[in-house]
Every structure is written in C-alpha cells, then in structure tokens.
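Okay, so here's the structure we're looking at.
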Amino acid sequence: VRLLDLTAAYAAFADGGVWHAPVSFTSVADSSGRVVLGSARAATVATSPQVAYLLSDILSDGDARAPGFGYHSVLELDRPAAVKTGTTSDFHDNWTIGYTPALTVGVWTGNADGRPMQNVSGVSGAAPIWHAVMERALAGMPATPFERPDGIVSRLVCAPTGLLPGPDCSHPVEEQFSAGTEPAAT
250 VRLLDLTAAY
260 AAFADGGVWH
270 APVSFTSVAD
280 SSGRVVLGSA
290 RAATVATSPQ
300 VAYLLSDILS
310 DGDARAPGFG
320 YHSVLELDRP
330 AAVKTGTTSD
340 FHDNWTIGYT
350 PALTVGVWTG
360 NADGRPMQNV
370 SGVSGAAPIW
380 HAVMERALAG
390 MPATPFERPD
400 GIVSRLVCAP
410 TGLLPGPDCS
420 HPVEEQFSAG
430 TEPAAT
C-alpha cells in the first residue's frame with residue numbers, strides 16, 4: 250500500500266468516515282486571488298461516523314498505548330490525536346500515521362535501496378518526524394476534540410473481560426460503544 254493511500258484512509262476516520270481522494274492541489278489562483286484552476290475531490294462514505302469515532306477513540310487513548318510506548322511518548326501531541334505506528338518484521342520499513350480533526354499526516358522511513366534499518370521501529374524512526382510535523386503544522390490552531398456522533402454510548406466495563414463489571418471486577422473502566430453493541434452480561 251502506498252503511504253499516500255494509507256494516509257487518505259486514516260484521514261477518513263478524522264473526517265467522520267468520509268474518504269476523499271488524494272489530490273495534489275485544490276485550486277490555483279492568479280495574483281489577484283481569482284481561482285483559475287480547481288480540482289474536484291471525490292468523496293465517498295467509507296464507514297459510519299460511529300465507527301470512525303470509535304477508531305479515533307481507540308487510537309487516541311494514551312493510557313492504552315502506555316504499556317507499549319510509555320506515557321508522554323512521541324505519539325502524544327499537545328492536543329487530542331489518533332496515531333498508529335507500524336514496523337515490518339525485517340526493519341525494511343516503518344511508518345507512523347496520525348490525525349487530529351484538522352490534519353492527517355503519514356510518515357514512512359526506510360532505506361531507499363531496500364536495505365533493512367538497524368532495529369529502527371515506527372515509534373523510534375517515523376514517529377518523531379510525525380510528531381514534529383504535526384506540532385509545527387498545528388501551532389497556533391485551537392485544539393479540538395474528536396466530535397462524538399449520535400449513536401455512541403459509554404458503559405462501565407471490567408477491563409480484563411470487556412463485560413459489565415461483576416462483584417469480582419477489580420478494574421472497571423469506561424468504554425465507548427456503538428449503541429446496541431455494548432455488553433449486557435457480566
């Protein structure tokens with residue numbers, strides 16, 4: 250999968266489930282500001298707003314990331330952000346793709362000649378670049394949360410099981426669900 254296509258797929262989650270075809274430009278204006286060339290962007294509903302929100306909720310959960318990446322890692326921004334890293338098993342490629350409601354950025358790192366990198370993962374190779382680009386591009390813009398659509402419900406569940414907390418649940422947590430999919434049993 251090309252980085253451009255994968256980044257566009259993640260951008261659909263940022264846009265409430267609407268996928269937009271990548272374009273090189275949206276318009277060209279002359280020196281007086283008159284648009285002389287425009288580029289239409291095809292838009293397709295790729296998934297429901299509820300699924301897009303739930304994925305964003307999962308990918309922006311710093312507590313869930315902490316066991317693997319620690320708290321305050323390069324995957325954390327100064328605002329809500331959903332992010333995913335990836336590393337091939339042979340260290341030929343790694344990537345980080347993440348988004349806020351305003352911006353999606355994808356970063357690939359690797360050797361142009363195909364040689365494997367020396368134990369460089371998505372979080373150590375691509376993520377610092379992603380973090381720097383996101384912070385710089387969003388500087389001065391207000392931090393906005395992911396908009397929670399209708400049809401999302403919150404439920405207290407038992408962390409180890411994902412079921413409703415019973416009397417033996419030592420670690421209840423609040424989770425988000427698409428209405429009608431929340432657990433009903435302990």
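Every letter in the sequence shown is one number past the one before it in my numbering, and letter 62, counting from 1, is 311. Just so it is clear, CB atoms sit at the ideal spot from N, CA and C, and this is done for glycine as well. Predicted model only: the values in this text are computed from it and were never measured.
Decide if residue i is buried, meaning its Cβ has at least 16 other Cβ atoms within 10 Å, or exposed.
i, result
"Q299", "buried"
"F274", "exposed"
"M390", "exposed"
"T430", "exposed"
"L324", "buried"
"A261", "buried"
Residue i and residue j look like a contact to me (Cβ under 8 angstroms); what is the Cβ gap, rounded to whole Å?
i, j, result
"G317", "A330", "Incorrect: roughly 17 angstroms between the Cβ atoms, too far for contact."
"A386", "L352", "6 angstroms"
"A263", "T358", "Not quite, the Cβ-Cβ distance comes to about 22 angstroms (not below 8 angstroms), so this is no contact."
State the start and end residues of the unbroken alpha helix (DSSP H) segment that holds residue i.
i, result
"H380", "A376 to L387"
Tell me the residue span of the beta strand (DSSP E) that contains residue i.
i, result
"V284", "V284 to G287"
DSSP three-state label for residue i, please.
i, result
"V323", "coil"
"A261", "helix"
"D254", "helix"
"Q367", "coil"
"G355", "strand"
Specify whether the segment 358–373 and the segment 325–343 touch according to this definition: at least 3 beta carbon pairs, one from each stretch, less than 8 angstroms apart. yes
Below 8 angstroms, can you find three or more Cβ-Cβ pairs linking the segment 267–281 to the segment 377–385? no
Check whether the segment 355–367 and the segment 400–419 touch, using three or more Cβ-Cβ pairs below 8 angstroms as the test. no
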